[in-house]
Structure formats: C-alpha cells, structure tokens
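Peer 1:
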Amino acid sequence: MPGPFALFKWEAVLRDWQVFAEGFGMTILVAILALALALVLGILFGMMGTAHSKPLRLLNRIYVEFIQNTPLVIQIFFLYNGLPYAGIMMPVFWVGMLGIGVYHGAYVAEVVRAGILSIPKGQFEAAYAQGFSYWPAMRFVILPQAKRLAYPPLTNLAVNLIKNTSVMAMVAGGDLMYHADSWASSNLYYGPAYIITGLLYLALCFPLATYAKYLERRLEVSS
Amino acid sequence: MSALFQPSVLGFLGQGLLTTIYIAAASIILSLVFGTIFGILRFKGRFYGNLAAIYIEAVRNTPLLLFILAFRFMTPLPPLQAGIAAMSVFTTAVIAEIVRGGLKSIPNGQWEAAAAQGFSAFQILRYIVLPQALHNVLPPLMSQCTSLIKDTSFVWAVGIEDLTGKGMIIMGRYGTTEQVFTLFAMIAAVYFIINYTLSCCARRLHAQMSNN
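Protein chains in written order, with the working numbering: chain A, 175 to 397; chain B, 627 to 838.
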C-alpha cells in the first residue's frame with residue numbers, strides 16, 4: 175500500500191500543474207478585485223461612521239454589524255443559492271468577488287473609522303479655518319494621516335481576504351482550493367495536492383503578513 | 627411559509643445549532659490551551675520557539691478550508707472530530723499570536739521583581755506574567771471566538787451538518803422564494819444573535835479596560 179505522499183503522487187501533481195495554475199490565477203484575480211471592492215466600500219462606510227448625520231452613522235453600524243456577525247459562508251450561499259429565487263443569477267466569479275468584497279469591506283470600514291477617529295479634532299477645525307470644506311478636508315488633511323495608522327491592519331486584512339477566497343470552493347468557484355479539492359478527490363492523491371495548495375497560499379500570504387509586521391513595527395517606533 | 631415553522635423543521639435546525647456550538651466550544655477550549663503553550667514557546671523558547679514560529683506562520687497564512695479538507699480525508703478521525711481538530715489547529719496559531727502579544731505587553735520589571743523574590747521562571751509565568759497577559763488580551767480573544775463561531779460554517783464543505791449544513795438541507799426541501807429567503811434570514815439571525823452578544827461583551831470589556 176503506497177503512503178499518502180508516495181513519489182508517483184507527486185509526479186501526478188507535476189503532470190497536472192495546469193489545473194493548479196488555473197486555480198491559482200483565479201484566486202489571485204478574485205482576491206485583487208475583491209480587495210478593490212472592499213477598499214472602496216470600506217472607505218465609504220468608514221467615513222459614514224464618523225459623519226455628523228445620525229442616519230449615515232446608523233447605516234455604517236448596520237452594514238458593519240450585520241456583515242461582521244454572520245458567516246461568510248452564509249453570505250456566499252445567499253448570493254449563490256438564494257438570489258436566483260429572486261431572479262438574480264450571477265456567475266460564480268461575480269458571487270465570489272461581490273461576497274468576499276462586501277464581507278471584508280465591513281472590516282475595512284472599521285479600520286478606516288478607527289483611523290479617522292484617531293486624528294485629533296483640531297485637524298478638522300484647522301482645515302475648516304483654512305477654507306477647506308468637508309470633502310477636501312477629508313481628502314487632503316484627514317485621510318492621509320489616518321492612512322498611516324490604517325496600513326498595518328489593512329495589510330493583515332488583505333491576508334485574511336486571500337485566505338477567505340477559498341470559500342468559493344464551496345460553490346464550485348474554480349479557485350485554487352476548488353481545483354485542488356476536485357483534483358484530489360478524483361484520484362485520491364490528497365497528500366501532495368494539499369501540500370502544494372498550502373504552499374501556493376503561503377506564497378501569497380506570507381510576504382504580505384511579513385510586510386504587515388514590518389509596518390506595525392515602524393508605526394511603534396515612530397509613535 | 628408556515629411549513630418552515632413546524633417543530634420538526636425547527637428541531638432539525640436546532641440539532642445543527644447544537645453541532646455548531648459543540649464544534650465551536652471544543653475548538654475554543656483546545657485552541658486556548660495549545661495557543662497559550664505555543665504563544666509562551668514562541669515568546670521564550672529558542673529551539674522550540676523557532677518550531678512554534680514555523681507552525682504559527684505556516685498555519686496563519688493558509689486557509690482554514692485546507693485544514694478541514696486535509697483532516698477529513700487524510701486522517702482516520704470521524705467527521706465531527708476531524709472538523710474540531712482542523713478548527714483547533716487553525717485557531718491555535720491565531721491565539722498563540724494573541725497570547726504572545728499579551729506576554730510582550732508585560733514590562734520586564736515584572737519578571738525581574740518576581741525573580742528577585744525568588745520565583746522560578748515557571749512560577750513567574752504561572753503566577754505573575756501569564757495572568758496579567760491573558761487579562762490584557764481578553765478582548766481580542768473574545769473577538770477570535772466570534773470569528774471561530776462564524777468559521778465553523780466551513781465544516782459543511784465536508785458534509786458535517788452544522789447549522790449552515792442543516793439549513794442547506796432544508797432548503798433543498800422547501801423551494802419557494804419566500805421560504806428560501808425566510809430560511810436564510812433565520813440562519814443569519816441565529817449566528818447574528820450569538821456573535822453580536824459576544825462582540826458587545828468584548829467591546830464593553832475593552833472600554834472598561836482602557837478606562838482603568
């Protein structure tokens with residue numbers, strides 16, 4: 175009986191490298207697009223969370239609390255299995271991108287909100303005194319300063335986002351995890367398939383996580 | 627609509643909820659124990675510290691689903707236990723980093739003062755440093771609990787019938803638009819109530835601690 179990591183199983187992985195490469199490409203593409211969506215949503219809702227108007231702040235709370243306190247899997251299943259009942263059919267690529275983007279957008283919103291709140295009120299007042307209105311003050315005075323504080327947690331969020339793209343495997347999303355799983359369950363060569371998959375995720379996430387640590391340390395030193 | 631609210635359906639979902647809670651509770655306990663050990667090792671140890679660091683970094687940079695699949699298909703464990711093992715291996719690494727952060731936040735003077743009183747290294751850790759460190763990191767530990775409860779829904783990928791799984795099975799039987807949306811709302815609401823309560827507690831604790 176050959177072991178779970180027998181040599182011929184590794185050869186099979188190498189022979190079918192395109193399967194893994196295709197999934198890897200899909201994972202990267204979804205991760206980049208979802209990250210862009212998460213940043214846009216997060217900055218928008220994060221600013222709402224610091225707004226004067228109560229309805230805007232309420233909207234921020236609803237979005238953040240609802241998304242952060244329900245599982246990503248349920249949200250993805252809702253987009254994939256639920257929405258078609260309302261006549262909205264999306265290709266699985268869109269399901270992944272939207273679901274993962276909206277989910278992490280809530281986390282980005284909290285980071286952005288905390289970043290803006292960390293800027294002393296005087297900065298806003300000084301900007302107003304210089305004739306800035308709300309948006310330009312935000313754009314040129316507050317956000318650039320908030321950015322510094324927000325970068326390390328945002329980088330960690332990007333790592334989580336990449337890992338969470340694997341949720342697409344649960345709706346046959348064609349990402350790395352899906353391809354690895356379906357390849358492995360077709361020939362039962364689980365060992366090498368999972369090791370290679372793990373290494374590929376590691377190759378994406380580890381540099382980012384290390385960079386996040388470096389940013390954190392730099393922030394500690396400067397403050 | 628009313629078909630969804632019969633005792634049999636609700637009971638079926640309730641079983642799923644119990645599975646979810648069982649997996650979450652078992653994984654939390656296991657990961658707290660092992661996470662503390664690995665956190666201390668990485669904080670203090672040389673050789674074992676490096677081993678712990680490799681484990682922590684490798685696990686933190688790979689998806690949970692990979693561990694769930696690997697434990698299900700590559701170990702002889704029964705499905706539920708495989709799910710708990712995978713969740714624990716994954717969460718242990720996260721908790722180890724939180725614990726290490728807590729240990730780092732304790733000033734060196736605490737170690738020195740305790741050593742001057744004749745405490746051994748183990749005693750210092752056990753009676754002086756660890757209690758303070760764990761107290762300091764209670765809020766992030768609690769928000770990790772929230773993450774873990776949400777992440778238990780990944781075990782449905784290997785057919786473990788947790789709340790998510792039971793919900794999806796029921797969805798196969800009740801197929802009108804209204805029923806499907808009600809079902810999603812019900813499942814989401816259950817997760818929401820559990821997690822929102824937890825994250826409110828974490829936030830209150832955090833506010834209390836930063837006031838002191």
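C-beta atoms are modelled at their ideal positions from N, C-alpha and C, and glycine is treated no differently.
Does DSSP put A:A225 in a helix, a strand or coil?
Peer 2: coil
Peer 1: Tell me, please, whether the CB atom of B:E738 is closer than 8 Å to any CB atom in chain A?
Peer 2: It does not: the Cβ of B:E738 has no partner Cβ on chain A nearer than 8 Å.
Peer 1: When you compare each of B:G640, B:Q758, B:P633, B:F664 to B:G793 by their alpha carbons, which one comes out closest?
Peer 2: B:G640
Peer 1: Should A:L188 be labelled buried (16 or more other beta-carbon atoms within 10 Å of its own) or exposed?
Peer 2: exposed
Peer 1: Excluding the five sequence neighbours on either side, which residues of its own chain have a C-beta within less than 7 Å of the C-beta of B:I694, listed in chain order?
Peer 2: Excluding the 5 residues flanking it on each side, B:I694 has same chain C-beta neighbours closer than 7 Å at G709, A712, F780, V781, A783, V784, in chain order.
Peer 1: Starting from the beta carbon of B:V806, find every residue of chain A whose beta carbon is closer than 7 Å, and list them in chain order.
Peer 2: G256, Y259
Peer 1: Taking the alpha helix (DSSP H) that B:N762 belongs to, which residues open and close that run?
Peer 2: Element bounds for B:N762: 756-762.
Peer 1: Closest to B:P689 by C-alpha separation, out of A:I370, A:E390, A:N338, would be which residue?
Peer 2: A:N338
Peer 1: Comparing C-alpha positions only, which one of A:S340, A:R287, A:P326, A:A358 sits nearest to A:M312?
Peer 2: That would be A:R287, whose Cα lies nearest to the Cα of A:M312.
Peer 1: Any beta-carbon of chain A closer than 8 Å to the one on B:E787?
Peer 2: no
Peer 1: Do A:L378 and B:A684 have their CB atoms nearer than 8 Å?
Peer 2: No. Outside cutoff.
Peer 1: Against chain B, which members of the segment 350-376 of chain A pass a CB distance test of less than 7 Å?
Peer 2: Within the segment 350-376 of chain A, the residues whose Cβ lies closer than 7 Å to some Cβ of chain B are M351, D355, Y364, G365, Y368, T371, G372, Y375, L376, listed in chain order.
Peer 1: Of the residues A:G273, A:I248, A:P176, A:I236, which one's Cα is nearest the Cα of A:A212?
Peer 2: A:G273
Peer 1: Kindly indicate if chain A contains any beta-carbon less than 8 Å away from that of B:E683.
Peer 2: yes
Peer 1: Report the three-state DSSP secondary structure of B:S731 (helix, strand or coil).
Peer 2: coil
Peer 1: Taking the beta carbon of A:F314 as the centre, do at least 16 other beta carbons fall within 10 Å, making it buried, or is it exposed?
Peer 2: exposed
Peer 1: Report the CB separation of B:T701 from B:F664 in whole angstroms; it is logged as a contact under 8 Å.
Peer 2: The pair is not a contact, with the Cβ atoms about 20 Å apart (cut-off 8 Å).
Peer 1: Can you name, in chain order, every residue of its own chain whose Cβ lies under 6 Å from the Cβ of A:E390, other than the five neighbours on each side?
Peer 2: P326
Peer 1: Under 8 Å, Cβ to Cβ, is there at least one residue of chain A near B:M700?
Peer 2: yes
Peer 1: Taking the alpha helix (DSSP H) that B:R799 falls in, what are its first and last residues?
Peer 2: 789-799
Peer 1: Contact between the segment 727-735 of chain B and the segment 652-669 of chain B is defined here as three or more beta-carbon pairs at a separation below 8 Å; is this criterion met?
Peer 2: Judged by Cβ distances under 8 Å, the segment 727-735 of chain B makes contact with the segment 652-669 of chain B, as three or more pairs qualify.
Peer 1: Taking B:Y822 and A:N243 to be in contact with their CB atoms under 8 Å, please state how far apart those CB atoms are, rounded to whole angstroms.
Peer 2: 5 Å
Peer 1: With three or more beta-carbon pairs closer than 8 Å as the criterion, would you say the segment 190-200 of chain A touches the segment 349-357 of chain A?
Peer 2: yes
Peer 1: Output yes if chain B places a C-beta closer than 8 Å to the C-beta of A:L246; else output no.
Peer 2: yes
Peer 1: So, is A:V388 buried or exposed, given that buried needs 16 or more other C-beta atoms within 10 angstroms?
Peer 2: According to the sequence shown, residue 388 of chain A is Tyr rather than Val. Per the 10 Å Cβ criterion, exposed.
Peer 1: What's the C-alpha gap between B:A814 and B:T790?
Peer 2: 9 Å
Peer 1: Excluding the five sequence neighbours on either side, which residues of its own chain have a C-beta within less than 8 Å of the C-beta of A:Q249, listed in chain order?
Peer 2: I241, G273, V276, Y277
Peer 1: Nearest CA to the CA of A:P265: which residue from A:Y259, A:I206, A:G347?
Peer 2: Nearest C-alpha to A:P265: A:G347.
Peer 1: For chain B, find out if any of its Cβ atoms is closer than 8 Å to the Cβ of A:V333; answer yes or no.
Peer 2: yes
Peer 1: Taking Cβ-Cβ distances shorter than 7 Å, what residues in chain B pair up with A:K183?
Peer 2: Result: empty, since nearest Cβ-Cβ is about 12 Å, beyond 7 Å.
Peer 1: Sort A:P294, A:K321, A:V395, A:G365 by Cα distance to A:K183 and report the nearest one.
Peer 2: A:G365
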